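Q:
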Amino acid sequence: MKILQPGTPLPTIDSTQTACLEAASAGAPEGTVVWALEQTAGRGRGDHSWDSAKGKGAWISFVLRPKRPAAEWPQLTAIVAVAAAQSMEELGAGPVAIKWPNDLIGRLGKLGGVLAETCGPAVVVGLGVNLTHAWDDFPEALRGTASSIALEGGREITPREWINALDGNFAKLYESFQEGGLASSGRLREELIDRFHLKDRDVTITSQSRSVHGRAVDIGPEGELVLETEDGPQRIFGGEVTA
Amino acid sequence: MNVDEIKKLVEVFQESGIDELEVNWGEGQTIRMTRHPAPAESNGVPAALPSVVQPVQVPQAAPPTSGSVSDAGGGKDAGSSPDEGLVEIRSPMVGTFYRAPSPESPPFVEAGSRVEKGQVVCIVEAMKLMNEIESEVSGTVVRAALDNGEPVEFSQPLFYVRPD
Chain Y
1 MKILQPGTPL PTIDSTQTAC LEAASAGAPE GTVVWALEQT AGRGRGDHSW
51 DSAKGKGAWI SFVLRPKRPA AEWPQLTAIV AVAAAQSMEE LGAGPVAIKW
101 PNDLIGRLGK LGGVLAETCG PAVVVGLGVN LTHAWDDFPE ALRGTASSIA
151 LEGGREITPR EWINALDGNF AKLYESFQEG GLASSGRLRE ELIDRFHLKD
201 RDVTITSQSR SVHGRAVDIG PEGELVLETE DGPQRIFGGE VTA
Chain S
1 MNVDEIKKLV EVFQESGIDE LEVNWGEGQT IRMTRHPAPA ESNGVPAALP
51 SVVQPVQVPQ AAPPTSGSVS DAGGGKDAGS SPDEGLVEIR SPMVGTFYRA
101 PSPESPPFVE AGSRVEKGQV VCIVEAMKLM NEIESEVSGT VVRAALDNGE
151 PVEFSQPLFY VRPD
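From first to last, the protein sequence lines stand for chains Y and S. For the first sequence, the working numbering begins at 1 and goes up steadily by one. For the second sequence, the working numbering begins at 1 and goes up steadily by one.
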């Protein structure tokens, strides 16, 4: 089974996510991938712009048209993160953890991140991953915190090989999601607990004007973070995490 | 919050898959609903009935009977509800309510804003999925149901809009 259909990469693009959202609203089918060899305005949340040095990283955005109700769509970022972590490990990058809900963390630093946006009945998922960066390839500000699959000891691969590697794992998880079984069977939770970067850490969740403090103790069935707070356990679905 | 609104909330809660719902509004008033078997001996309701409504932190209201619906706010009766005829824009998912795309940006809409059907009125974010919520009707925004950054439950109202 195959979901992701990478066509020809664009030489450079402001943001694959913006282009993919436009494609989705124009009716692009599920699996359409927008990717570029170089991205000049990669988007993360807030100020977390993503660096994507030419050819060394893969920033891809793809269209999903989930059959499940919208209430289940937030699981998709977690599903992509799990698939990416599995693929990195298969490429030899060692254990890859997920910093809830969307960052991919290797032993030496951050390897990538996921975000998603709805576009009517479609969801556009963006995934940025460092493939072959050496330490010198990262800008000064990211040195010490960023890592790549190659730096973690994994194979050196091209962005196209990465998309194919990712799809091998993503298609299986997505099929299970579409059938409604990924969360209800407990499998999504298990996959996230296996890679629980924040486990037992004190964290703060901020959402513009509010913040919640607590200890990250568990992952819920829908992939949510469970915090032990002064007021008891709280299930966290949204917000920015600071550990 | 009036009786009709509380009834609606109970309906939403009963239809949803969530186990607990807490709603806060002005003057420190809160309603919390939890899903567990009601104690049959206390109210005669069959134990399997899932929903119990328990207003909490409400100074002026008498404690309601478990399994019943009560106007916790001591508000107006349904006939004089100021919300009559308003359309609720509800959240399709659990998440965090954002009135603006970023802390520095102005809100998508304010009370009194004119909205067209399909216009984005806010974002509900859950696990880094940004969900742009669109108005289902053309009309005028009466008010937001939540403060910026507040957690939101499935099907919880986000905005009240007076349709054309």
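Note that the Cβ used here is the ideal one computed from N, Cα and C, for glycine as well. Small disclaimer: the values here were computed from a predicted structure and weren't measured.
Quick one: give me the first and last residue of the alpha helix (DSSP H) that W100 (chain Y) is part of.
A: Counting along the chain, W100 (chain Y) falls outside any alpha helix (DSSP H), and DSSP gives it neither H nor E.
Q: Since R114 (chain S) and V142 (chain S) should fall inside the 8 Å C-beta cutoff, what is the C-beta to C-beta distance between them, to a whole number of angstroms?
A: Not a contact, Cβ separation roughly 12 Å.
Q: Could you tell me which whole alpha helix (DSSP H) segments of length 4 or greater appear in the segment 172–204 of chain Y?
A: 187–194
Q: Is there at least one non-hydrogen atom of the ligand FMN closer than 7 Å to the beta-carbon of A116 (chain Y)?
A: Summarising the ligand content, the structure contains no ligands, and the ligand FMN is consequently not present.
Q: Mind the definition here: the segment 72–82 of chain Y touches the segment 119–132 of chain S only if three or more C-beta pairs lie below 8 Å; say whether that holds.
A: yes
Q: If you measure beta-carbon to beta-carbon, which residues of the segment 103–116 of chain S are closer than 7 Å to chain C?
A: The structure shown contains no chain C; its protein chains are Y and S.
Q: Determine, using beta carbons only, whether S244 (chain Y) and G126 (chain Y) come nearer to each other than 8 Å.
A: Residue numbering for chain Y in the displayed model covers 1 to 243; residue 244 (chain Y) lies beyond these limits and cannot be assessed.
Q: Quick one, which residues of the segment 108–140 of chain Y are near chain S if we go by CB-CB under 9 Å, in chain order?
A: G113, V114, L115, A116, E117, T118, C119, G120, V123 and V125
Q: Buried or exposed for D137 (chain Y), please, with buried defined as at least 16 other CB atoms from any protein chain shown within 10 angstroms of its CB.
A: Buried: at least 16 other Cβ atoms inside 10 Å.
Q: Please report how far the alpha carbon of K199 (chain Y) lies from the alpha carbon of V94 (chain S), in whole angstroms.
A: Rounded to the nearest angstrom, the two C-alpha atoms are 22 Å apart.
Q: Just to confirm, are V152 (chain S) and L146 (chain S) a CB contact at a threshold of 8 Å?
A: With contacts defined as CB atoms closer than 8 Å, V152 (chain S) and L146 (chain S) qualify as a contacting pair.
Q: Which residues in the same chain have their Cβ closer than 6 Å to the Cβ of E228 (chain Y), if we skip the five residues on either side of it in sequence?
A: G214, R215 and V217
Q: Can you give me the C-alpha to C-alpha distance between A111 (chain S) and G55 (chain Y), rounded to a whole angstrom?
A: 48 Å
Q: Once you ignore the five residues that flank K2 (chain Y) on each side, which residues in its own chain have a CB closer than 8 Å to its CB?
A: G31, D167 and A171
Q: May I ask you to list, following chain order, the residues of the segment 67–86 of chain Y that have a beta carbon less than 7 Å from some beta carbon of chain S?
A: A70, A71, W73, P74, L76, T77 and A78
Q: List the residues of chain S whose Cβ lies closer than 7 Å to the Cβ of R210 (chain Y), in chain order.
A: G149 and E150
Q: In terms of residue numbering, what span does the beta strand (DSSP E) encompassing A122 (chain Y) cover?
A: A122 to N130
Q: Whole angstroms are fine: how far does the CA of V34 (chain Y) sit from the CA of Q17 (chain Y)?
A: 8 Å
Q: Give me the subset of the segment 194–207 of chain Y whose CB atoms are less than 7 Å from a CB atom of chain S, sorted by chain position.
A: Within the segment 194–207 of chain Y, the residues whose Cβ lies closer than 7 Å to some Cβ of chain S are S207, listed in chain order.
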